Ligand code: KG4
Ligand code: ZN
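Numbering (my numbering), first residue to last: 2 to 345.
Rendered as structure tokens:
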């Protein structure tokens, strides 16, 4: 049994928007009592990417088990909870629906408040868990497999989107380039690792600037440049040094992410920058951002890798602040695959 003080809010959070079935118990937004993740990566590897239908079926199979484990690890029962939180968008509709239906069932059966959470708000909130001093306002760069957003977090749950990708998400570009150089899925961590043995200045790939969106990103150009480079090498029978291609591609992506973010911080007078999303684990990105922030006198925050990729602890953190603001959803809550940040 956990010790609950007067005013403590204990939330069971569920995340199933893509290929991780996850549940967590979080106290007062920043105290993670359990964080259970069942990853489907091995299953989707066979197909070189996430297969939505398989993801939904696997979520159904795993979700009860994952929730039971999260409750057990946190040493709580459903009776100790103050609310149920769930990611309801954006994401794969069939995958989201599994978590949403589960959360609604528990909320209905136990008469507990239901708080629907935006997946990106969750990624951003992962930063609150390990940085107890971090409070809005701050600038956040969210880089994941499905999203690339540069956002001012004005207050808890209040966002101003400065920029976003016009085409591929950063993680998507990592995954596609990894596939092209034969590294397999998911490519981000593999490119990260291989880059350490490569020369990042070996090949100059273009760094896309978006003319009419100073903080927007575009990664399809650099991805195509890598594909063209690989084709050219094959046609001219030149040896392809995988590690050099990986490191040079990574540099092109990281440089743009760091440049845009630092420019936004200066122009918007932000003295704190946070990273979020799966690509926030990237070592070159962390290093590049850290150096640039140190130079500019800006405080820099990033979550541990386990809190960067999809997990439910981040959903519990976001849900706490939404709960405190009075956000409640009814049992008619539905999955919203293209949910906009800041919408409820
Ligand atoms: O946040 P996430 O788990 O799922 C989405 O919400 O999309 O992000 C997954 C993405 C994948 O594209 C994966 O390749 C990328 O994050 N990723 C990385 C690294 N670790 C994961 N990309 C670059 N470097 C990494 N170390
Ligand atoms: Zn995510």
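Don't be surprised by glycine CBs; every beta carbon is placed ideally from N, CA and C. None of these values were measured; they are calculated from a predicted model.
Per DSSP, residue 292 is one residue of the alpha helix (DSSP H) stretching across 284 to 297. Relative to the Cα of residue 198, the nearest Cα in the group 242, 160, 211 and 185 belongs to 242.
For residue 234, the uninterrupted alpha helix (DSSP H) segment begins and ends at 221 to 236.
The region 27 to 105 contains, as complete alpha helix (DSSP H) runs of 4+ residues, the segments 42 to 46 and 53 to 75 (chain order). Residue 191 sits in a helix when the DSSP states are folded into three classes. The closest CA to that of residue 90, considering only 69, 201 and 116, is found on 116. Between the ligand ZN and residue 156, a heavy atom-to-CB distance of less than 7 Å is absent. Three or more Cβ pairs closer than 8 Å define a contact, and the region 255 to 274 meets that threshold against the region 213 to 224. Two segments are said to touch when three or more pairs of C-beta atoms, one from each, lie closer than 8 Å; by this definition the region 131 to 149 does not touch the region 325 to 338. Listed in chain order, the non-local C-beta contacts of residue 83 below 6 Å within the same chain comprise 10 and 11, local neighbours out to five positions each way being set aside. A distance below 6 Å between beta-carbons, with the five flanking residues on each side excluded, links residue 163 to the following residues of its chain, in chain order: 151, 216 and 265. Counting the other Cβ atoms within 10 Å of the Cβ of residue 259 gives 16 or more, which makes it buried. Residue 21 counts as buried, since no fewer than 16 other beta carbons sit within 10 angstroms of its beta carbon. In the three-state DSSP reduction, residue 214 falls in the coil class, being neither helix nor strand. Look at which beta carbons fall closer than 5 Å to any heavy atom of the ligand ZN; those residues are 145 and 311. The Cβ neighbour count for residue 306, taken over all protein chains shown within 10 Å, is under 16; the residue is labelled exposed. About 26 Å separates the beta carbons of residue 248 and residue 311, which is beyond the 8 Å limit, so they are not a contact pair. CA-to-CA, the gap between residue 210 and residue 256 works out to about 11 Å. Residue environment for residue 14: buried (at least 16 other C-beta atoms within 10 angstroms of its C-beta). Taking C-alpha positions only, residue 229 is separated from residue 172 by approximately 20 Å.
As a beta-bridge residue in DSSP terms, residue 153 pairs with 140 and 161. Take the alpha-carbon of residue 41 and the one of residue 343: they are about 29 Å apart.
Contiguous beta strand (DSSP E) elements confined to the region 107 to 134 occur at 115 to 119, taking only those with 3 or more residues. Counting the other CB atoms within 10 Å of its CB gives residue 111 a total below 16, which places it among the exposed residues. Taking the Cα of residue 185 as reference, the smallest distance to any Cα among 156, 45 and 4 is reached at 45. Measuring C-alpha to C-alpha distances from residue 189 to each of 7, 69 and 286 identifies 286 as the nearest. Taken from the Cβ of residue 193, at least one heavy atom of the ligand KG4 lies inside 7 Å.
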